[in-house]
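Peer 1:
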Amino acid sequence: MPTPDASSRPRKVNRLGLTPSDYKGKPSTLCKGCGHDAISSQLIRAFFESDVRPHQVAKLSGIGCSSKTPAYFLNHSHGFNAVHGRMPSVATGAVLANRRLVAVGVSGDGDTASIGIGQFVHLVRRNLPLIYIVENNGVYGLTKGQFSATADENAALRSGEVNRLPNIDLCGMAIELGATYVARSFAGDPKQLVALLRGALAHNGTAVLDILSPCVTFNNHAGSTKSYTWGKDNEEPIHILDFVPAMDQIEVEYEEGTDQEVQLHDGSWVRLRKLERGYDPTDRRAAQELVLEANEKNLFLTGLLYLDTSKRTFLDSLELCDEPLALLSEDQLRPPPEILDEVVASYR
Amino acid sequence: MSDKTALAEEVAPSGIEPEPIVNDLAIQVATVNGSGSQSSNLVLLRALFRMGIPVGGKNLFPSNIAGLPTWFTIRANRDGWVARKRNVDYLVALNPQTAIRDVESLSPGSAVVYEEGLRLERRRDDVVFYPAPFQELAAEVTREVRLRKLLANMIYVGLLGELLSIDVEEIFGAIDSQFRSKKAAVELNRRAVEIGIRHARENLVKQDPFTLERMDKNRGKVLIDGNAAAALGAMFGGASVATWYPITPSSSVVEQLTGFLKRYRKGPDGKATYAVVQAEDELAAVGMALAAGWAGARAMTATSGPGISLMSEFVGLGYYAEIPLVIWNIQRVGPSTGLPTRTAQGDILSTYTLSHGDTKHVCLLPASTRECFEFGWKAFDLAERLQTPVFVLSDLDLGMNIWATEPFEYPDRPMDRGKVLTREDLERLGGTFQRYADVDGDAIPYRTLPGTEHPGAAYFTRGSGHDEGAEYTESEEAYVRIMARLDRKFETAREMVPPPVVDQTEPATPLGIIGFGSSDPAIEEARTRLREEAAIEMDYLRLRALPLGPSVLDFITARQRVVVLDQNRDGQVLQLLRAEYGDRIPSGVLRSLRHYSGHPMDAQTIVDYVTEMEIGAV
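Heads up: the sequence lines are chains A and B, in that order.
For the first sequence, my numbering begins at 1 and goes up steadily by one.
For the second sequence, my numbering begins at 349 and goes up steadily by one.
#1: Let's see if you can read the secondary structure: which residues bound the beta strand (DSSP E) around H239 (chain A)?
#2: Count the other CB atoms, across all protein chains shown, that sit within 10 Å of the CB of T717 (chain B); report buried if there are 16 or more and exposed otherwise.
#3: Just checking my contact of R879 (chain B) with E872 (chain B) at CB under 8 Å: how many whole Å lie between their CB atoms?
#4: Below 8 Å between beta carbons is the criterion; list the residues of the stretch 111-122 of chain A that meet it against any residue of chain B, in chain order.
#5: DSSP on Q626 (chain B), reduced to helix/strand/coil?
#6: Using DSSP with H/G/I as helix, E/B as strand and the rest coil, what is L687 (chain B)?
#7: A326 (chain A) and A97 (chain A): beta carbons closer than 9 Å?
#8: What do you get for A832 (chain B), buried or exposed, if any count of 16 or more other CB atoms within 10 angstroms of its CB means buried?
#9: Quick one: which unbroken beta strand (DSSP E) runs of 3-plus residues sit fully inside the stretch 97-181 of chain A? Chain order, please.
#10: On a CA-only basis, which of A:T206, A:A156, A:P337, A:E276 is nearest L165 (chain A)? Give me that one, please.
#11: Please identify the residue among B:E517, B:L396, B:V921 whose C-alpha is closest to the C-alpha of L891 (chain B).
#12: With respect to the beta strand (DSSP E) encompassing R271 (chain A), which residues constitute its N-terminal and C-terminal limits?
#13: Is there a Cβ from chain A that is less than 9 Å from the Cβ of G574 (chain B)?
#14: Between which two residues does the alpha helix (DSSP H) holding N75 (chain A) run?
#15: Which residues in the same chain have their Cβ closer than 7 Å to the Cβ of S148 (chain A), if we skip the five residues on either side of it in sequence?
#16: Could you give the distance in angstroms between the alpha-carbon of L697 (chain B) and the alpha-carbon of G705 (chain B)?
#17: I want to verify the contact list: residues of chain B whose CB lies under 7 Å from the CB of D79 (chain A), in sequence order.
#18: Can you confirm whether S28 (chain A), when its beta carbon is compared against all beta carbons of chain B, has any partner nearer than 9 Å?
#19: Exposed or buried, what is S310 (chain A) when buried is set at 16 or more other beta-carbons lying within 10 Å of its beta-carbon?
#20: From L468 (chain B) to N407 (chain B), what distance separates their C-alpha atoms?
#21: Roughly how many angstroms separate the alpha carbons of S350 (chain B) and A577 (chain B), rounded to a whole number?
#22: Could you check what DSSP says for P479 (chain B) in three-state terms: helix, strand or coil?
#23: Specify the secondary structure class of M399 (chain B) as computed by DSSP and reduced to three states.
#24: Give me the chain A residues within the contact set of V912 (chain B), using Cβ-Cβ distance strictly less than 9 Å, ordered along the chain.
#25: Alpha carbon to alpha carbon, what distance is there between V828 (chain B) and E822 (chain B)?
#26: If you compare alpha carbons, which of A:S28, A:V52, A:K12, A:R53 is closest to S41 (chain A)?
#27: Quick one, which residues of the stretch 586-600 of chain B are near chain A if we go by CB-CB under 9 Å, in chain order?
#28: At the level of alpha carbons, what is the spacing between P410 (chain B) and T689 (chain B)?
#29: If R842 (chain B) and P895 (chain B) are in contact, beta carbons under 8 Å, what's the gap, nearest whole angstrom?
#30: Find out if the Cβ-Cβ distance for the pair R917 (chain B), R939 (chain B) is shorter than 9 Å.
#31: Does DSSP classify D950 (chain B) as helix, strand or coil?
#32: For chain A, check one thing: does any of its Cβ atoms lie closer than 9 Å to the Cβ of S812 (chain B)?
#33: Run down chain A in chain order and give the residues with a C-beta less than 7 Å from the C-beta of K530 (chain B).
#34: If you draw a straight line from the C-alpha of G569 (chain B) to the C-alpha of F756 (chain B), how long is it?
#35: Hey, A374 (chain B) and N435 (chain B): beta-carbon distance below 9 Å or not?
#36: What's the call for Q445 (chain B), buried or exposed, on a 16-neighbour Cβ count within 10 Å?
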C-alpha cells in the first residue's frame, strides 16, 4: 500500500488540538492492500490537516465494499451506511436537516454507476454541498468480482471474461450535469489525493472525486485496467496541484512555476502547475474535451478536471434559514393558534 | 308556455303536487374532464354549505387531463349524511359521451338538467327533464369563445339555483370566495348565474319534489379536503423537511403544505424554516426524508400505492435502524397502476408490514379531515418518540374530496421530540451512550443527532446487523436481542397510538361492525338507517391505528356477529384481526364486508348486507 513521503507527513496536532488518531476509524475489514483503505487514510489526513471538527462531519454511504469504509475513518463523526445506490438521497436529507454538517459520501462504481446512477445524476444537478467519493475499481467486490459499469471496454476478468460494453465516465457525467468540483485521482497517488480532498473540503458545492481504487482480490491482474500496476504505469497528472489553506497564503511566497491559482469558498486556494498540457480547469468545454480525449485514447488523466466556484448551491436555491432545520425550536416550527384560525377561516 | 315545459308535464300531470323532499338529495354533474366545471361545482357546493345544509362533494375523475368523462357529486342531507349515495336525484348532463348512460341509470322520479341539443327527453318517461341551450346562454355573457365554454358551467349553477331554491346571495357569496380578488371573473360568473336563473324562470316549470331550504347546521364549519387538512396538520406538527414525488392522489398533500409553509413558516429574515424538495422518484423522496429524520428534522413524505412499493427498502432500513419519519399513504386502487383516480383501502397489509424481513409499522387511520389534521401533527410526535417510520393511511375519498368539518383543534401539547441526547446529557452520562440499548424498559433507545459537539456523540447507523453499541455484528445473539427489543418497542407503540373509537350500547348488542378511515360516514349513516328502518342495533368500533389495541378483541368477543368492513377485495383488516387474535375469536363471529369498486363507501351497501345477515340470523 502506498504511503505518503516523509516530507509531507501530517503534523502531530492540528489547530483544534486534535491528533491524527482523533480522526481514525475502526480497523478495516477489507482485503489487505485494498485501494479503499488507502483512500480512507488520505481522508483521515485531509480532515486532520484541514482542521475539520469531527463532530460536524456526516459520513454517508450506500452498499458495497466502498460503502463500508465510513466505519474506517472519523470515529467521532456520525455515519450512515444506507441502502444500495442511495447515498445521494441520504446525503441530501442529512444536509437539508443540518446545513452545518460537512457531508462526505463514499460510494463505489457499482453503487454509483449502476444501481445509483439516477440519484447520482440528480444530486449533481442540484449542486448539494457534498464530497462525493467514488472508489472505482471496475468490479463488484462484495459479490465476488462481476464487472461494473465503469469497467473499460475489452478489459478482462481473471476468469478471462471480457467486458464488451463501453464504460460510464462519471467525471464526464458530473461535468455535464453541473458538478462544481470534479476530480479524478488514484489511490496510489496519496499526495495528489490529499490535496484534492482538502480542496473539496474547502469547496461549497458538489465535489465529485472519481478515484481509481484497485480491488486486490478481483481486479488487480494483468489485463485489468483498474489495477495498481495499470494505474502506476498509466497515470498522467494534468497538473501538479497544491492546496494552500487560507491562513497559510500570506506566509507562502509565490512559488516558481505556478500557472494558476483559484480561490475556494473558504478563502483557501488551489495552486496549479502546468505539466505538458496547458489546461485550465475552470473552462467547462475544455474539461469535457479532456474527458472525451482520455476516453478515446484510453488515458488515465488525473487531477482537478473542473472547478466552478460561482454556481449557487442547492441550499442557496432553497433559501434556507441559517440555523439548521434540525435545531429549530418549537416556536420556530409551530405557528401560533392565531395562524390556525386564519387558515381555517379561509376555508369558510 | 314552451314545448320544453310540456315535456315535463307528461311526467307530473298538473294538479298533482309531489310531496316536497327538503334538503335531501344528490346532485351529479356529468361533464368532460378539462372543461372547467370544477369551479362551478365548488360554487354550488359552497352555496349549499352557506345555506347551512350539511353537504359534501365528491369528484369522480379519470386519469386524464382533458377529454374523458368526469362526474362531480354533491350530496346535501339535512341529517348530516354525506357519504356517497348510490342513487343520483338531480343529474346535470353536459357530456355527450355519457349522457345516455347517465340518464338510463337514474331512479324514477329523478330530474335531469341537460344541454338541449342532446335530446335526452326521449330516453325516459319516468324522470323530469329540464333542457337548456347552454352555449347560447353563455354567449349572452361573453363573446369570447374560450370563456363561453367555461361560463356554460356557471349557467347550470343558475338553473339549479332556481329549480332547487338555492339562495342566490349565497351563490354570489360562493363566487366571490371562489374567484376572490379577480373582479372581472366574479362579474362574468355572476352574470352567467343570473342568466341561468332567468332561463329557468322563463322556460322551465318545476316538476320534481326536490328543494333546498336554509338550515343552521354549518355554523363555524369549514369546507376542506383531507389532503389540505393533512398538510395543515403537518405544518402545525413542525414539519421541517418534506421530500416527495408527484403521484395521484397524494400530490396535493405536499403541494398544499408548500403553500402553507411559504406563507407561515418564514423566519424573521424571510428565510425558510423548512425545505420542500421534489425528488427524482419515490426512492429518493423517502431516502431524503429518512436521512433528514436521522439528522433531527421533522421529516415527511407523501405518496400512494406505487410509491409505497418503491419506498419499501428504505422503510425497512428506517425500522431496523430506528429512524423517525412520517409517510402519508393516500391510498388509491391497486394492484399495480390500478385505477389511479379511484379510492380504496387496499394498502393496509402491505403498508403495515412494508419491506423484507420481519417488519411492522405504526399506521394511523384517519377517518375525517379533523383526524387528518390531528394525525398530521401527532404522527411526528409518535415517529420521534418511537424512533421509527410512522404511516398515515388516508385515501383518495378522504384526501381529495371536500368535506364540511368543525374547525381543527390546535395541538393540545408541546412537541415530543423523543429521546435525543444533547452534549450536556452526554457529559452527565460520562461521555458514552449505547445507541440501541433499552435503558428505560420501554424498548425505546436513545439517539444523538449528527453535529452534537461531543466526542462520544457519534454512532454508526446501518441496515446491517448491529449490537446495542451500533457496532456491526453477525452475532446471532445480538441479532435476536435487537429484533426482540424491536418487537417490545412495538408493544410500547400499541399503548401510544390513538385508541379505537367505540360506540356501543349497554349492554352490548349482539351485532357489531368494525371499520376505519373513509368508511366512517357510510357506517354511521347505515347504523341510523338500520335502527330506524329495521330496528337493528349495531355497535361500532372504529380503528384509528395499527397495532391494534386490546379493546378490539374485547369488542369482538362481547358479540355474536361482527362485520368487518374493508374497502379492499381480500378483507385485509379481517385478515389482520385473525392473525392477531387467532383462536381467541370464536369461529363464525367475524363477517367480512368488502367493497372495492373504487367508488367511495356508501351506506346502502352496508344496510343491504346487514339486513340480509340479520334476517338470516333471526
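The C-beta atom is built at its ideal place from N, Cα and C for all residues, glycine as well.
In this text, all values refer to a predicted model and were calculated from it rather than measured experimentally.
Peer 2: Walking through what the data contain:
#1: Here residue 239 (chain A) refers to the residue found at position 239 of the first sequence. First-last of the beta strand (DSSP E) with H239 (chain A): 239-244.
#2: Here residue 717 (chain B) is taken as the residue at index 369 of the second sequence, counted from 1. T717 (chain B) is buried by the Cβ-count criterion.
#3: Start at 1 with the first residue of the second sequence, and residue 879 (chain B) comes out as number 531. Start at 1 with the first residue of the second sequence, and residue 872 (chain B) comes out as number 524. Wrong, their Cβ atoms sit about 11 Å apart, outside the cutoff.
#4: G118, Q119, V121, H122
#5: For the purposes of this step, residue 626 (chain B) is taken as the residue at position 278 of the second sequence. The answer is strand: DSSP assigns Q626 (chain B) an E or B state.
#6: Translated into positions along the second sequence, residue 687 (chain B) becomes position 339. In this structure, L687 (chain B) counts as strand in the three-state DSSP scheme.
#7: In the first sequence, counting from the first residue as 1, residue 326 (chain A) sits at position 326. In the first sequence, counting from the first residue as 1, residue 97 (chain A) sits at position 97. It is a contact, given that the beta carbons lie within the stated cut-off.
#8: The residue given as residue 832 (chain B) occupies position 484 in the second sequence. By the neighbour-count rule (16 or more Cβ atoms within 10 Å), A832 (chain B) is not buried but exposed.
#9: 102-108, 130-136
#10: Position 165 of the first sequence, counting from 1, holds the residue named residue 165 (chain A). Checking every option, the nearest Cα to that of L165 (chain A) belongs to A:A156.
#11: Residue mapping note: residue 891 (chain B) aligns to position 543 of the second sequence, counting from 1. When only C-alpha atoms are compared, the closest one is B:V921.
#12: Residue 271 (chain A) sits at position 271 when you count from the first residue of the first sequence. Residues 269-274.
#13: In the second sequence, residue 574 (chain B) corresponds to position 226, counting from 1. It does not: the Cβ of G574 (chain B) has no partner Cβ on chain A nearer than 9 Å.
#14: Here residue 75 (chain A) corresponds to residue number 75 of the first sequence, with the count starting at 1. Careful: N75 (chain A) lies outside any alpha helix (DSSP H) and carries neither H nor E.
#15: As a first step, residue 148 (chain A) is located in the first sequence; it is residue number 148 there, counting from the start. So the qualifying residues of the chain are D109, G110, A113, S114, G138, V139, Y140.
#16: For the purposes of this step, residue 697 (chain B) is taken as the residue at position 349 of the second sequence. For the purposes of this step, residue 705 (chain B) is taken as the residue at position 357 of the second sequence. The alpha-carbon atoms of L697 (chain B) and G705 (chain B) are separated by roughly 15 Å.
#17: One-based indexing of the first sequence puts residue 79 (chain A) at position 79. The sequence as given places Gly at residue 79 (chain A); Asp does not occur at that position. Simply F808, T809.
#18: If you number the first sequence from 1, residue 28 (chain A) lands on position 28. It does not: the Cβ of S28 (chain A) has no partner Cβ on chain B nearer than 9 Å.
#19: By 1-based counting over the first sequence, the position of residue 310 (chain A) is 310. So S310 (chain A) ends up on the exposed side.
#20: Translated into positions along the second sequence, residue 468 (chain B) becomes position 120. Translated into positions along the second sequence, residue 407 (chain B) becomes position 59. If I take the Cα positions, the gap works out to 24 Å.
#21: On the second sequence, residue 350 (chain B) is found 2 positions in, with the first residue counted as 1. On the second sequence, residue 577 (chain B) is found 229 positions in, with the first residue counted as 1. Low per-residue confidence applies at S350 (chain B): pLDDT is 41, beneath 50, and the placement is therefore not dependable enough to give any value.
#22: Position 131 of the second sequence holds residue 479 (chain B). Here P479 (chain B) sits in strand by DSSP.
#23: To locate residue 399 (chain B), count along the second sequence from 1; it is residue 51. Three-state result, M399 (chain B): coil.
#24: What you label residue 912 (chain B) is simply residue 564 of the second sequence in a count that begins at 1. The premise fails here: V912 (chain B) is roughly 34 Å from chain A at the closest Cβ pair, so nothing lies under 9 Å.
#25: Working through the second sequence from its first residue, we reach residue 822 (chain B) at position 474. Working through the second sequence from its first residue, we reach residue 828 (chain B) at position 480. Distance between the alpha carbons of E822 (chain B) and V828 (chain B) is about 11 Å.
#26: Taking the first sequence and counting its residues from 1, the one referred to as residue 41 (chain A) is at position 41. With distances taken between Cα atoms, S41 (chain A) lies closest to A:S28.
#27: G586, A587, S588, V589, T591
#28: In the second sequence, residue 410 (chain B) corresponds to position 62, counting from 1. In the second sequence, residue 689 (chain B) corresponds to position 341, counting from 1. Taking the straight line joining both Cα atoms gives about 6 Å.
#29: Within the second sequence, the letter at position 494 stands for residue 842 (chain B). Within the second sequence, the letter at position 547 stands for residue 895 (chain B). R842 (chain B) to P895 (chain B), Cβ: 5 Å. Contact.
#30: By 1-based counting over the second sequence, the position of residue 917 (chain B) is 569. By 1-based counting over the second sequence, the position of residue 939 (chain B) is 591. It is not a contact, given that the beta carbons lie outside the stated cut-off.
#31: Walking along the second sequence from the start, residue 950 (chain B) turns up at place 602. Looking at D950 (chain B) - three-state DSSP - the assignment turns out to be strand.
#32: On the second sequence, residue 812 (chain B) is found 464 positions in, with the first residue counted as 1. Judged by the 9 Å Cβ criterion, S812 (chain B) is in contact with chain A.
#33: The sequence position of residue 530 (chain B) within the second sequence is 182, counting from 1. Ordered by position in chain A, no residue passes the 7 Å Cβ test against K530 (chain B), which lies about 16 Å from the chain.
#34: Start at 1 with the first residue of the second sequence, and residue 569 (chain B) comes out as number 221. Start at 1 with the first residue of the second sequence, and residue 756 (chain B) comes out as number 408. At residue 569 (chain B) the sequence reads Lys, which differs from the Gly that was named. Each residue's Cα considered, the two are about 10 Å apart.
#35: Position 26 of the second sequence, counted from the first residue, corresponds to residue 374 (chain B). Position 87 of the second sequence, counted from the first residue, corresponds to residue 435 (chain B). Going by C-beta atoms, A374 (chain B) is nearer than 9 Å to N435 (chain B).
#36: Residue 445 (chain B) sits at position 97 when you count from the first residue of the second sequence. So Q445 (chain B) counts as exposed.
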